[in-house]
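What follows is one structure encoded as C-alpha cells, with my remarks underneath.
Numbering (full-length UniProt numbering), first residue to last: 1 to 325.
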C-alpha cells in the first residue's frame with residue numbers, strides 16, 4: 001500500500017498530456033482504492049447499474065462515458081472563482097460493485113462501498129446509473145448524519161410505490177423507500193423540474209402528504225432561477241443536505257441520452273445556475289444519474305453530466321475546505 005503522504009490528488013495536466021490520452025478517470029484525477037487514499041476529501045465514483053429501470057435501459061454505461069467526457073473539465077471555476085483541486089483532495093475511486101442480476105444484493109454492495117468512504121470522512125460524488133442507486137448512498141450517509149435533506153432535480157418525483165405488482169425497488173421508487181426508512185426527512189426535501197404525465201391523478205399524493213416541497217416545471221418557469229433557489233434553500237435549511245441530479249430534469253433537446261425523457265425541462269444554463277446557487281449549504285454528498293449513452297451516440301448528454309458533476313464538485317470542495325478551517 002502506498003505511503004499516504006506520497007499520494008498525488010492533482011488531475012493529469014492537459015498542458016503536457018493531451019486530454020484524449022491516458023486512462024479515463026473522472027476529471028483526469030488519479031485512481032485509487034478507498035483503502036489506498038483514506039486522506040482523500042472527496043471520492044468520485046461510478047454506479048454502473050440500471051437494474052431498476054422499467055423501460056429504456058442503458059444507464060449502466062453512463063459512468064464510463066461520463067469519465068471520458070470529463071476530460072474536458074479544467075481546474076478553475078471562473079464564476080465561483082475557485083479551484084476545487086486546491087481546496088480538497090479528490091480522487092477517482094473506481095466503480096461501486098454491482099450485480100446486474102440481483103437488485104437487493106446490488107443495493108447492499110453499493111451501500112457497503114459508500115459506507116467505507118463515509119467512515120473515512122470522504123464525501124461521495126457519484127455518477128449513475130439509474131436513480132435507484134441513490135437509495136443505498138443515502139443509507140450510507142444517514143448512518144453518520146441522521147435523516148437527510150435533499151435538493152432533487154428531476155422530471156419525476158421518484159416517490160411512487162411499486163411497479164409490476166410487488167416490485168418495490170425501481171428507479172421510480174427510491175425516495176419513497178428512503179422516507180419510509182427514515183433516512184430522508186421529507187420536510188427537508190425539495191424536488192425541482194417535475195413534469196410529464198402520470199399513471200393516476202393520485203400518483204404524487206403520497207409525497208405531498210409527507211411534506212415534500214414539489215416544484216413542478218410550470219412553477220419553476222413562473223418563479224425563475226433566483227426565486228426557485230430561495231425556496232430550495234429555505235426548505236433544506238442548514239442541516240446535512242444531499243444533491244441528486246437526474247439528467248432528465250433537463251429538456252431532452254439538451255440531454256437526449258436518458259431513459260425517461262420529458263419535454264419542457266430546464267436548460268443547461270438554468271441547471272448550472274441552480275447548482276451554483278446551492279453554494280454554502282451544508283452539503284454531505286451528491287450524485288448525477290440517468291445518463292444513458294445508447295440513446296445519445298454523440299456523447300453530448302455525458303458532457304452535460306460531467307459538467308454538472310464538475311459544478312457539484314466545486315461546491316463540495318468549498319464545503320470541505322470550510323470544515324477544515
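Every residue, glycine too, gets a C-beta built ideally from N, C-alpha and C.
Closest by C-alpha distance to residue 326, when choosing among 126, 295, 312
In the structure as shown, the chain starts at 1 and stops at 325, and residue 326 therefore has no counterpart that could be examined.
Just grab the DSSP bridge partners of residue 214 for me.
191
Per DSSP, what kind of secondary structure is residue 241 in: helix, strand or coil?
strand
So the candidates are 115, 63, 27; which of them puts its Cα closest to the Cα of residue 35?
Restricting attention to 115, 63, 27, the CA atom closest to the CA of residue 35 is found in 115.
To the nearest angstrom, report how far apart residue 164 and residue 157 are at their CA atoms.
18 Å
In whole angstroms, what separates the C-alpha of residue 254 from that of residue 291?
In a straight line, the C-alpha of residue 254 is about 12 Å away from that of residue 291.
Hey, could you find the ends of the alpha helix (DSSP H) residue 314 is sitting in?
300–324
Endpoints, the beta strand (DSSP E) within which residue 151 is located
Segment 148–153, the beta strand (DSSP E) holding residue 151.
In this structure, does DSSP put residue 68 in helix, strand or coil?
helix
Helix or strand or just coil, what does DSSP make of residue 109?
helix
Can you name the residues that DSSP bridges to residue 46?
95, 127
Go ahead and pull the three-state DSSP assignment for residue 136.
helix
I think residue 46 touches residue 96, with their Cβ atoms under 8 Å apart; what is that distance to the nearest whole Å?
7 Å
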